[in-house]
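Here the structure comes first, spelled out in structure tokens, and everything after it is commentary.
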Amino acid sequence: MPKYPRVNYIGNKEKLAGWIIGELPVASGTVLDLFAGGCSVSYALKKKGYAVISNDILYADYILGKALIENDRCTLKPSVFDIQPQKEREEKLEKQFSFLSERLYYSREVKELAHLAAVAEELCEEERYLFLALIRRAMIRKLPYSRMNVPWDQIKLLRNEAYSYEKYGRKRAYHNQTFESHMRENFEDYNRAVFTGQRKCTVFNCDAMELADKTDFVDVVYLDPPYPSTMNNYDAFYGLFDNMFQAGKKHADFTRRDCFLENLEELIRKLRGKTDYIVLSQNTRVRPEPEIIARMLGNYGQVSVREKKHNYQVTGKQNKNGSKELLFVVRMN
Ligand SMILES: C[S@@+](CC[C@H](N)C(=O)[O-])C[C@H]1O[C@@H](n2cnc3c(N)ncnc32)[C@H](O)[C@@H]1O
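Numbering of the sequence shown is given in the numbering used here, commencing with residue 13 and proceeding in unit increments.
As structure tokens, then:
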């Protein structure tokens, strides 16, 4: 049985995906996952036999989708690590990645990253995305708090194993392992996660607004946007990966209180006539309040709300404030 591998995506719906899919108004057909993030919902949908269209604005997420959602048979051989790319190419990439030096990693580590990225370029397209997904996972694993917006001084401090042991009782030696050793540790899990879906799955790297404009008709659009007032700065969490590959893109901002509702409404308007149902995830902790969202959605169709108790895991500790996970199901007019 294929299993979603360790991706470490902030705000992921991995533990809720089964519930979300169980609440979908159709048991088969095409689902567009417009804010797919770490692809946990897209992956569970693919397993359930839906045709999935998976999208996210971040290239760091796009490569995951290409590796795990669109890719249905290509896996990697351990011999990929024996590939020796051209030195000139590695040097060029090392320069390209130099902005990461003493920002996220030590310069010798940036050199290793450049080598691995050069290896990726030697692979066929499907292999390359799977290899990049492993690089991404290794990069995140080596970072304290598993995100890319921690100041360098703090990264250095938390990577000091003696300090970490004294202060937190854990050495966290994995921050100091090589990228390759992390990739090797996750290698089999990522290979095993690849499977052939019952229906064709496709992946995009677009602004949600843009894809809403150009999408063909789908049975359900699933929305899991980054709400204001939560851990929502995905560009900062993972965007440096996009910068490495010069893939950063401008996009509609769903993180700001002053324009969230307006943007969400514009998106819903764009989706009119493109789907029978919109299914929107929300949590009672986040703003705007569920009543406000329900009222807005009510202008476009018949809304029903499903709820489930859920505690989000916040940086390793259990969040004590219980909250309810909500799902707005809109049958479009
Ligand atoms: C809450 S996360 C989605 C988590 C996902 N459901 C999972 O299980 O991993 C929200 C995602 O929206 C993406 N995003 C933010 N603004 C976007 C936009 N304008 N268009 C497309 N994606 C966007 C972010 O990059 C982030 O991955």
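Ideal Cβ positions, reconstructed from N, Cα and C, are used throughout, including at glycine. Bear in mind that the values here come from a model prediction, so they are computed numbers and not experimental data.
Buried or exposed by the 16-neighbour rule on C-beta atoms within 10 Å, applied to residue i
i           : result
residue 13  : exposed
residue 143 : buried
residue 131 : buried
residue 69  : buried
residue 181 : exposed
residue 40  : exposed
residue 216 : buried
residue 136 : exposed
residue 248 : exposed
residue 129 : buried
residue 188 : exposed
residue 82  : buried
residue 293 : buried
residue 230 : buried
residue 49  : buried
residue 304 : exposed
residue 30  : exposed
For residue i, three-class secondary structure by DSSP
i           : result
residue 117 : strand
residue 288 : strand
residue 230 : strand
residue 344 : strand
residue 273 : helix
residue 347 : Summary: the structure shown does not reach residue 347, with the chain confined to residues 13 through 345, and so no result is reported for it.
residue 268 : coil
residue 45  : strand
residue 19  : coil
residue 30  : helix
residue 263 : coil
residue 35  : coil
residue 320 : strand
residue 293 : strand
residue 335 : strand
residue 313 : strand
Contact set for residue i: own chain, Cβ-Cβ below 6 Å, skip 5 residues either direction
i           : result
residue 174 : none
residue 76  : 51 and 145
residue 237 : 47 and 266
residue 45  : 53, 54, 66 and 234
residue 252 : 160
residue 192 : none
Rounded distance between the beta-carbons of residue j and residue i, thought under 8 Å
i           : j           : result
residue 312 : residue 275 : The Cβ separation is near 15 Å, so there is no contact.
residue 300 : residue 338 : Not really, about 12 Å apart at Cβ, beyond 8 Å.
residue 60  : residue 32  : That belief does not hold up - the Cβ atoms of residue 60 and residue 32 are roughly 11 Å apart, past 8 Å.
residue 335 : residue 287 : 28 Å between Cβ atoms; not a contact.
residue 259 : residue 194 : Rounded, the Cβ-Cβ distance is 22 Å, inconsistent with contact.
residue 124 : residue 190 : 6 Å
residue 402 : residue 309 : Any question about residue 402 goes unanswered here, given that the chain covers just 13 to 345.
residue 232 : residue 64  : So it is not a contact: roughly 10 Å between Cβ atoms.
residue 203 : residue 88  : 6 Å
residue 317 : residue 342 : So it is not a contact: roughly 10 Å between Cβ atoms.
residue 254 : residue 72  : 6 Å
residue 134 : residue 90  : 15 Å between Cβ atoms; not a contact.
residue 23  : residue 242 : 7 Å
Contacts around residue i, its chain only, beta-carbon distance under 7 Å, and the 5 residues preceding and following it disregarded
i           : result
residue 162 : 155 and 156
residue 115 : 164
residue 126 : 102, 105, 106 and 109
residue 158 : 20 and 152
residue 264 : 219, 220, 221 and 275
residue 246 : 70 and 238
residue 15  : 204 and 205
Chain-order list of residues whose beta-carbon lies under 8 Å from that of residue i (same chain, five-residue window excluded)
i           : result
residue 212 : 63
residue 306 : 315, 317 and 340
residue 147 : 125, 128, 129, 132, 191 and 195
residue 271 : 265
Which whole runs of the beta strand (DSSP E) in the region 180–224 are 3 residues long or more, in chain order? 214–216
At what residue ranges does the region 58–118 contain a whole run of the alpha helix (DSSP H), taking only runs of 4 or more? 71–77 and 99–108
Enumerated in chain order, which unbroken segments of the alpha helix (DSSP H) with a length of 4 residues or greater are wholly contained in the region 133–172? 137–153 and 164–171
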